[in-house]
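Numbering (this note's numbering), first residue to last: 73 to 355. Notes follow once the structure below has been shown.
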Ligand SMILES: [Zn+2]
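What follows is the structure, encoded as structure tokens:
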């Protein structure tokens, strides 16, 4: 399936003349820059001719997994001492840049978000990317396996109501604490993918942070405005939900709900990411 334009735009080097258009798009050889060229620093020019240097990124590590620049690595994140592991992929772009967290399946019966995360994982090309992505396609794994209606199977709790969690609490509380302890501290932005649950029929909308610092709220709002859905709502909860919790820790984020179109959901995530890239210097 060809990538929608919004997904291609994530790579930051495929839109001719746009801010952030990279040297590799204009190389007469047509090839990607070499590692040694990245290490020296690539000179990039935007549409107005302004030149900046971009350097090779650093490794991305989470738990036992490490992705080097240009690599995509998939594996598992251990949840405290519960014995549970949840799937995660680390996508480490060649170029230095922000780290974006994408989660699907915090509510395990919201299948469009899960599928969008899986397809994003396959489509993102680290050799052409700036920055890094940590992607969890299915956070509530046991709920999915036991076909609950979005509650964690072992304790019947809703992950998006239990943050910041507790390392010695029930499984849901341990999942929340693991994200607070190991994931949120190393990301710059957060996109949480949802859709109508098994019992819901929802119109596409996006939640922004409302109870974080003004700077974080502003960044969250910019992310939401870039998403191709009509309705935006600011949340007023500082914690409880995953993206609210991350916001209270200084991570701008949105919760995107798209019931109908997989491509709009993926495109929304990527549009939001691209908006960040353009605005990050002003935050
Ligand atoms: Zn949900």
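Backbone N, C-alpha and C fix where the C-beta goes; we use that ideal spot for every residue, glycine too. Quantities reported herein were computed from a predicted structural model and do not represent experimental measurements.
Hey, residue 205 and residue 196 are a contact pair by Cβ (cut 8 Å); roughly how many whole angstroms apart? 6 Å
Distance between residue 201 and residue 163 (C-alpha atoms, nearest Å): 9 Å
Local Cβ density within 10 Å of residue 111, reported as buried at 16 or more and exposed below that: exposed
Which of helix, strand or coil does DSSP assign to residue 284? coil
Leaving out five residues before and five after residue 259 in sequence, what residues of the same chain have Cβ atoms less than 7 Å from its Cβ? 171, 172, 173, 206 and 323
Name the two residues that bound the continuous alpha helix (DSSP H) containing residue 245. 243-250
If we ignore side chains and look at the alpha-carbon of each, how far apart do residue 255 and residue 138 end up? 14 Å
Among 179, 151, 147 and 142, which has the Cα closest to the Cα of residue 167? 142
Proximal residues to residue 312 (C-beta, below 8 Å), its chain only, five neighbours per side dropped: 232, 233, 234 and 235
In terms of alpha-carbon separation, which member of 180, 328 and 151 lies closest to residue 274? 328
Between the region 178-194 and the region 220-227, do three or more beta carbon pairs fall short of 8 Å? yes
What is the rounded straight-line gap between the Cα of residue 123 and the Cα of residue 272? 49 Å
Quick check on residue 101: does DSSP put it in helix, strand or coil? Below a pLDDT of 50, predicted positions are generally treated as unreliable, and residue 101, at 44, falls in that range; no measurement from the model is reported.
What are the boundary residues of the alpha helix (DSSP H) that residue 193 is part of? 183-195
Per DSSP, what kind of secondary structure is residue 219 in: helix, strand or coil? coil
What is the C-beta distance between residue 227 and residue 242, in whole angstroms, given that I count them as a contact (C-beta under 8 Å)? 4 Å
Whole angstroms is fine: what's the gap from residue 133's alpha carbon to residue 148's? 12 Å
Tell me the rounded alpha-carbon separation between residue 319 and residue 252. 11 Å
Please find out if some non-hydrogen atom of ligand 1 comes closer than 7 Å to the beta-carbon of residue 179. yes
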